[in-house]
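Chemist: Residue 423 is where the sequence shown ends in our numbering, and the numbering goes up by one at each step. Cβ atoms here follow ideal geometry from the backbone N, Cα and C, with glycine treated the same way.
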Amino acid sequence: MENTKSYVFHIEEDEDKRLDVFLAENLPEVSRSYVHKLIEENRVLVNGGNAKSKLKIRSGMAVTVDLPDPEPLKVEPWNLPLDIVYEDGDIIIINKPKNLVVHPAPGNMGDTLVNALLYHCGDSLSDINGVIRPGIVHRIDKDTTGLLAIAKNNIAHRSLSIQLKDHSMERIYQAIVEGIIREDRGVVDAPVGRHPSDRKKMAVTPGKGKAAITHFEVLSRLNGATHVKCRLETGRTHQIRVHMAYIRHPVYGDPVYGNNSSNVVTNGQMLHARHLILKHPSTDERMQFEAPLPEDFENLLKVLGKQGGSERTVSLLS
Numbered sequence: 106m107e108n109t110k111s112y113v114f115h116i117e118e119d120e121d122k123r124l125d126v127f128l129a130e131n132l133p134e135v136s137r138s139y140v141h142k143l144i145e146e147n148r149v150l151v152n153g154g155n156a157k158s159k160l161k162i163r164s165g166m167a168v169t170v171d172l173p174d175p176e177p178l179k180v181e182p183w184n185l186p187l188d189i190v191y192e193d194g195d196i197i198i199i200n201k202p203k204n205l206v207v208h209p210a211p212g213n214m215g216d217t218l219v220n221a222l223l224y225h226c227g228d229s230l231s232d233i234n235g236v237i238r239p240g241i242v243h244r245i246d247k248d249t250t251g252l253l254a255i256a257k258n259n260i261a262h263r264s265l266s267i268q269l270k271d272h273s274m275e276r277i278y279q280a281i282v283e284g285i286i287r288e289d290r291g292v293v294d295a296p297v298g299r300h301p302s303d304r305k306k307m308a309v310t311p312g313k314g315k316a317a318i319t320h321f322e323v324l325s326r327l328n329g330a331t332h333v334k335c336r337l338e339t340g341r342t343h344q345i346r347v348h349m350a351y352i353r354h355p356v357y358g359d360p361v362y363g364n365n366s367s368n369v370v371t372n373g374q375m376l377h378a379r380h381l382i383l384k385h386p387s388t389d390e391r392m393q394f395e396a397p398l399p400e401d402f403e404n405l406l407k408v409l410g411k412q413g414g415s416e417r418t419v420s421l422l423s
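#1: Quick check: the Cα distance between residue 301 and residue 404, rounded to an integer number of angstroms?
#2: With DSSP run on the structure shown, which of helix, strand or coil describes residue 414?
#3: When you compare the CB positions of residue 333 and residue 349, do they come within less than 9 Å of one another, or not?
#4: State the Cα-Cα distance for the pair residue 344 and residue 112, rounded to the nearest angstrom.
#5: Between which residues of its own chain and residue 289 is the CB-CB distance below 8 Å, once the five residues before and five after are set aside?
#6: How about residue 242 and residue 265: are their beta carbons less than 9 Å apart?
#7: Does the distance from the CB of residue 129 to the CB of residue 304 come in under 9 Å?
#8: Please classify residue 251: is it buried, with 16 or more other beta-carbons within 10 angstroms of its beta-carbon, or exposed?
#9: Is the CB-CB distance between residue 256 and residue 273 below 9 Å?
#10: Taking a contact to mean a Cβ-Cβ separation below 9 Å, would you say residue 283 touches residue 312 in this structure?
#11: Quick check on the DSSP output: the alpha helix (DSSP H) that includes residue 384 runs from which residue to which?
#12: Can you have a look at residue 432 and say buried or exposed, based on whether 16 or more other CB atoms are within 10 angstroms of its CB?
#13: Would you please state the rounded distance, in angstroms, between the beta carbons of residue 307 and residue 339? I believe it to be under 8 Å.
#14: Can you have a look at residue 227 and say buried or exposed, based on whether 16 or more other CB atoms are within 10 angstroms of its CB?
#15: If we count Cβ pairs, one from each stretch, closer than 8 Å, do we get three or more for the segment 164-172 versus the segment 112-125?
#16: At the level of alpha carbons, what is the spacing between residue 152 and residue 180?
#17: With which residues is residue 297 paired in a DSSP beta bridge?
#18: Report the rounded CA-to-CA distance for residue 361 versus residue 355, giving the unit in angstroms.
#19: Going residue by residue through the segment 222-310, where are the continuous beta strand (DSSP E) segments of at least 3 residues, counting only ones entirely within it?
#20: From this set, 351, 366 and 375, which residue's C-alpha is nearest residue 357's C-alpha?
#21: Which residues bound the alpha helix (DSSP H) around residue 347?
#22: Would you kindly work out how many angstroms separate the C-alpha atoms of residue 384 and residue 249, rounded to a whole number?
#23: Per DSSP, what kind of secondary structure is residue 137 in: helix, strand or coil?
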């Protein structure tokens, strides 16, 4: 028998929104495409009857949603290469390449870091985050490169999670950002939350988002760009990308938050998790790990250092 969860929305005033948009904004963890599927399957009723996605939300409506529980997902081991920086019985430190998603999701159940970890570690991963995210304590974006700490048992997972929460785990990134930052260093202290109109994006959301603090330091100034070091005090989704865009210096090549005005074509954003400092879960030893800058990052530093104001288009795509 199918298990479902019901939601009822009593509309008190007219809203200039379609039914599908309203539900996508008000149902937790449900995408707009999935809302369309629910409407097509007649799982959404308005005043007791079926409705269309484009129906405008009006005062006095009662919108009922019958939301089925998600189908259980099975994650299989995949033999994918791993760049292992360090490994013991408690933790494994990975240098993640670009274009690799950290954990599976519907539509991509095989080609992820978790699948590779399952192949390499077998059952030796923590299960605190369930079958979809075994061992995963923190994440970086698909197109962000660099260091991730993976927990191989639940004791290690709890230790690393506490270090993340109390900020004793240090995560230091390097980025190339658009424009010239005049200050040698600074702090961006601005809350980050879901973008008010685009659910796929994050944004600085005063009064609504979660506290987010990024410390940055200029490493070098280039032609129309700046090479910076960023230290996370908090770890919100897309935090560095959102914060740098907020101060009008978006990460170079960022397809979501960037200006797309550069004459240098890159394969995604130039953001790299360079250093990771943590306390070992079993020995309490303070450990520091470093991942060298990726080749495309190094190449862009060279190109921006040599351009000298040229307007030619340069491609760094492999």
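Modeler: Quick look at the numbers:
#1: 36 Å
#2: Residue confidence is low: residue 414 scores 43 on pLDDT, short of 50, so the model does not pin down where it sits. Its coordinate-derived value is still stated next. Note: residue 414 maps to coil in three-state DSSP.
#3: yes
#4: 31 Å
#5: 322 and 323
#6: yes
#7: yes
#8: buried
#9: no
#10: no
#11: Careful: residue 384 lies outside any alpha helix (DSSP H), inside the beta strand (DSSP E) at 376-384.
#12: Outside the modelled stretch of the chain, which goes from 106 to 423, sits residue 432, for which no answer is possible.
#13: Between residue 339 and residue 307 the Cβ distance is about 13 Å, and since that is not below 8 Å, they are no contact.
#14: exposed
#15: yes
#16: 40 Å
#17: 309 and 315
#18: 10 Å
#19: 250-256, 275-283, 290-294, 297-299 and 307-309
#20: 375
#21: 344-351
#22: 24 Å
#23: helix
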